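Trainee: In this note's numbering, the protein residues as written are 18 to 1060. Virtual Cβ for every residue (Gly too), placed ideally from N, Cα, C. Bear in mind the structure is a predicted one, so any value in this text is a computation, not a measurement.
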RNA sequence: GGGUGAUUAGCUCAGUUGGUAGAGCGCUUCCUUUACACGGAAGAUGUCGGGAGUUCGAGCCUCUCAUCACCCA
């Protein structure tokens, strides 16, 4: 069966991939011939995801390493899987529900989760199929999912991941590494959840800065003096207010203070006084103190800053330092709060606090709603507009004069000066949710945090002491910088899709005054009812415990209850939906008890945290969760810790650092020894790919057009460490052509009817040509191994390209033609065997990068012991196989052919014409090189004959070679002046080089300090150049005689 | 504002302990020669961003300036 003209990738790829899978070629440990393991954990793509060019790059590199190690006989595992991707997936399913006018919040949580699982079943396999099209050789039988084994998972989604996540949470909770706290977090008003710092994108947008007057209390005044840089007073006036600049007027209602810098003389006289927030009902304007803090920048705005601890990260720090109350103004949707007691009451309490007349704690502040009735329920941006309008209307906006030119009724230009509110147009950095794209609101909420300070140490040390290498090295600096300044990691998310936090809460009865007034160890009805009538159960504190299930947590609550007076000490712990239900249930059962005095009916209701864990909490467990942890499986034993993590630089903090911290915190080991970070893949101009720009390259479209191998080779070739990745269509096309070149090398072999028995051993050879190519093969094998060992994928790809095309196809195949067509049966047989062997080596060495076409060509043989995917990687070395003499001779031949061709072309000898060749003073080595290879030389350089001469004729082009000078007599064929000009040009170049070489050698310091071999090399170089110069000069002389 | 990286042929990029610059694509000329026109042969193009320094010698090391990109504020 004759080979097709080119490799039909689209037809062959699926067939080949199916054959690999059918033979379990990718299974963990497949083709192992040694005990060493090689493990790569795939960075799990989102289960919602579709393959983008970053995945294609990332997974190509992983596949190259895995295929290479598998062929080398390592016990290899490439662990695949997907991430449940909390926010992204929930968003996706919500969008889908919206198509049928359904909303998540209209359905029970269970039903929504069923929808998500349904959606996962439908489209979760997409990315797997796409990875297969790339040729990814993952052990798909082990495919993992970060939500596997969750309580609500449908059949077929069993697995250990949920257990692992819960177990780690409980362990870290018990070890004191996880805590609950009220802190300012990034709040996404669209998803109504907290998100981590890393999920926030700060984008510069056009904003405004408003300037408002905060009147001093009781009509106080002060002299405001503004000085310029030289200390000269430029403004002096009496003021009864302090001017505040803000980009967020709607948060003024929550101000707790005004801060100025301690060194700011302008305000020194009013520090400690009170000023009035100029918004809200006049009767209840709140007064807040003017304080000092290092935070305000004297040169920014007015130098005075309003402090709104619950709505700004900087203010939060100031408020914490200064003990300033932080009043939360917004609800979970980013609208102004509408809950709680009337504004007047809240404002009065706040005033009492500001006056120091009343103490406060977190819970008390949190319950207060300081939004005046007229603003309640407004969206935050509507509220902003209204606040601005109200303040301006009252005359408390800072005004300034603006002059503009206008045409009056007569068409004349007139200048009009108006006094308008002072509003600066300003670029401001605004935080956006990376998923929701809405403005993130800092919000003061109760969240769960990992105490990263406590677990960051081992991860830092691992890199510092070299246990984990980050490539490129610059990644290490970035890693240190982030980890050394690490913030607590907020891990709770107010979502439904995810691992529900395994924490249960109960009302803290001890703190509710369920006290035993009589001290008799028992509560009587009066004592209990007294408490209930105060109705403080809902506002009060809670206690919480973590455990992997409700049954496990029961005991912990019982233990606490046991310390309470009878009969509460015997109450049965039951689970209810939420806090409100708990309070209700408790009250009801106490009332019941009051009637029947039956302690067996007493219950203590607890409720589970409704939140789920940050997706990255579970993906942090990926290196061992995928191997069956917490079960001590054989796979865990064998494949953990793994070897290399290949991932994008953008994910270093999100994932890499957290995996390192979690692996250490849980298993006490580093999850891998090497991290290979790569950049974002960009378009050919170096710009980020984005849908809006329309420059997104779909890897599957590329695969359709050029085949997976071409894309893979391009990816490998781009993968220089630390480099920017620019993907260009032309390159991909070029490497597709490379595949065709390889294909044609095989059709060459077929054309010459070279036997193809398969699995040929390296032949014993006597022909120089064959010795040479075997040596070249050994060299490239070493280069490839070294390159891949060092993760220099581009070096490996380039070396293989240069070898296959530049050595095998350009020279070896050409050289072999005369032998293959000749009569020397022994030489022919040897060359046939060598050629087959060399081509097989090309397939083996190229297979990790170009798996499909190589497997296809491998299959052309009569029989093969194994598929190429499991072929044994060669171990021969250049030291054993390179024959220096053969090497020298073949290079001499190549050199001669190239020189003759070059001279022919430049002197316009017709390409088809055969020319005679002359040679002068050829030494024995040269003569033998000629004798051995003259057939090749004559054929490839189109030479008629060789004649020994003592002098070259006039009009002869000379070719200086090691061991003799060749010449082509061209009298009458060449354009003399043109040829002289050409030679003089090269003489000019040579003179420059000679100058440099001579200059160096004449410099005594160079001779003194440079290493021996460098000097020797320079001398040899000079000798050769001088030789060349002499020959060119001679050639010019001859030509001049002619002219 | 802080950090990291980049700046090399027309384009996209290599260049591993400092020894005097390479690849692919594109371009020019020639060739349809019995593996391959997704091919073959030959060729042109670089004060390695600017400036200074260390060195016998700098694309590579140091400093500085400029421009760009990304990350974090």
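Give the list of continuous beta strand (DSSP E) stretches no shorter than 3 residues that lie fully inside the segment 63-105.
Mentor: Listed in chain order, they are 92-96.
Trainee: Answer yes or no: do residue 811 and residue 734 have a C-beta to C-beta separation smaller than 7 Å?
Mentor: Yes, Cβ-Cβ distance for residue 811 and residue 734 is below 7 Å.
Trainee: Please report the straight-line C-alpha distance between residue 572 and residue 607, rounded to a whole angstrom.
Mentor: Their Cα atoms are separated by approximately 21 Å.
Trainee: From the DSSP output, in three-state form, read off residue 511 for me.
Mentor: The answer is coil: DSSP assigns residue 511 none of H, G, I, E or B.
Trainee: Roughly how many angstroms lie between the CA atoms of residue 670 and residue 213, to the nearest whole one?
Mentor: Taking the straight line from one Cα to the other gives about 11 Å.
Trainee: In this structure, how does DSSP classify residue 879 when only helix, strand and coil are distinguished?
Mentor: Here residue 879 sits in coil by DSSP.
Trainee: Let's see if you can read the secondary structure: which residues bound the beta strand (DSSP E) around residue 403?
Mentor: Here residue 403 belongs to no beta strand (DSSP E); instead the alpha helix (DSSP H) covers 397-410.
Trainee: If residue 715 sits next to residue 88, beta carbons under 8 Å apart, how far is it from one beta carbon to the other, in whole angstroms?
Mentor: The Cβ separation is near 30 Å, so there is no contact.
Trainee: Using 10 angstroms around the beta-carbon of residue 359, count the other beta-carbons present and answer buried if the total reaches 16, otherwise exposed.
Mentor: Result: exposed.
Trainee: Under 8 Å by Cβ, that's how I've got residue 4 and residue 205 pegged, so tell me the actual separation to the nearest angstrom.
Mentor: Lying outside 18 to 1060, the shown extent of the chain, residue 4 is not represented and no answer is given.
Trainee: Name the DSSP beta bridge partners of residue 256, please?
Mentor: Answer is 239.
Trainee: Residue 846: buried (16+ other C-beta within 10 angstroms of its C-beta) or exposed?
Mentor: Exposed, because fewer than 16 other Cβ atoms sit within 10 Å of the Cβ of residue 846.
Trainee: Given this structure, state the Cα-to-Cα distance separating residue 662 from residue 1048, to the nearest angstrom.
Mentor: C-alpha separation (whole angstroms): 58 Å.
Trainee: Going by C-alpha distance, which of 914, 400 and 1051 is nearest residue 267?
Mentor: Of the listed residues, the one whose Cα sits closest to residue 267 is 400.
Trainee: Does DSSP put residue 676 in a helix, a strand or coil?
Mentor: Three-state result, residue 676: helix.
Trainee: Please check the pair residue 677 and residue 485, which I expect to be a contact at CB under 8 Å, by giving their CB distance rounded to whole angstroms.
Mentor: Right, the Cβ-Cβ distance comes to about 7 Å (below 8 Å), so this counts as a contact.
Trainee: Could you work out which residue in 674, 998, 263 and 221 is closest to residue 496 when comparing CA atoms only?
Mentor: When only C-alpha atoms are compared, the closest one is 674.
Trainee: Can you tell me where the beta strand (DSSP E) with residue 292 in it begins and where it stops?
Mentor: From DSSP, the beta strand (DSSP E) with residue 292 extends over 291-293.
Trainee: Under 8 Å Cβ to Cβ from residue 90, same chain only, skipping five residues before and after it: list those, please.
Mentor: The answer, listed in chain order, is 48, 49, 50, 51, 889 and 890.
Trainee: Residue 854 lies in the alpha helix (DSSP H); which residues open and close that run?
Mentor: 842-863 is the span of the alpha helix (DSSP H), which, as asked, contains residue 854.
Trainee: Using only alpha-carbon positions, find the residue among 500, 437 and 38 that is nearest to residue 1.
Mentor: Residue coverage of the chain in this structure runs from 18 to 1060, which leaves residue 1 outside it and unanswerable.
Trainee: One question on the structure: do residue 102 and residue 632 come within less than 7 Å of each other, judged by their Cβ atoms?
Mentor: The answer is yes: Cβ separation under 7 Å.
Trainee: Express the C-alpha separation of residue 511 and residue 624 in angstroms, rounding to a whole number.
Mentor: Between residue 624 and residue 511, the C-alpha separation is close to 16 Å.
Trainee: Restricting to Cα atoms, I'd like to know which of 799, 685 and 141 is closest to residue 106.
Mentor: Comparing Cα-Cα distances from residue 106 to each of 799, 685 and 141, the minimum goes to 141.
Trainee: Would you call the segment 820-837 in contact with the segment 750-770, where contact means no fewer than 3 C-beta pairs closer than 8 Å?
Mentor: The answer is yes - the segment 750-770 touches the segment 820-837, with three or more Cβ pairs under 8 Å.
Trainee: Per DSSP, what kind of secondary structure is residue 32 in: helix, strand or coil?
Mentor: The answer is helix: DSSP assigns residue 32 an H, G or I state.
Trainee: What's the gap between the Cα of residue 876 and the Cα of residue 116?
Mentor: Rounded to whole angstroms, residue 876 to residue 116 spans 50 Å at the Cα level.
Trainee: How is the alpha helix (DSSP H) around residue 923 delimited, first residue to last?
Mentor: From DSSP, the alpha helix (DSSP H) with residue 923 extends over 901-923.
Trainee: Drop a sphere of 10 angstroms on the beta-carbon of residue 460, count the other beta-carbons inside from all chains shown, and report buried for 16 or more, exposed for fewer.
Mentor: It is buried - the Cβ of residue 460 has at least 16 other Cβ atoms within 10 Å.
Trainee: Residue 785 and residue 686: beta carbons closer than 7 Å?
Mentor: Not closer than 7 Å, so no.
Trainee: Going by C-alpha to C-alpha distance, which of 404, 357, 780 and 886 sits closest to residue 383?
Mentor: The candidate whose alpha carbon is nearest that of residue 383 is 357.
Trainee: Quick one: what does DSSP say residue 614 is sitting in, helix, strand or coil?
Mentor: Of the three classes helix, strand and coil, the one that applies to residue 614 here is coil, per DSSP.
Trainee: Where does residue 196 land, buried or exposed, given buried means 16+ other C-beta within 10 angstroms?
Mentor: Exposed: under 16 other Cβ atoms inside 10 Å.
Trainee: How big is the Cα-Cα spacing for residue 664 and residue 693?
Mentor: Spanning the two alpha carbons is a distance of roughly 6 Å.
Trainee: Only counting the same chain, and skipping five residues up and downstream in sequence, which positions put a Cβ closer than 7 Å to that of residue 899?
Mentor: Here the set comprises 792, 795 and 796.
Trainee: From residue 169 to residue 559, what distance separates their C-alpha atoms?
Mentor: Roughly 28 Å between the two C-alpha positions.
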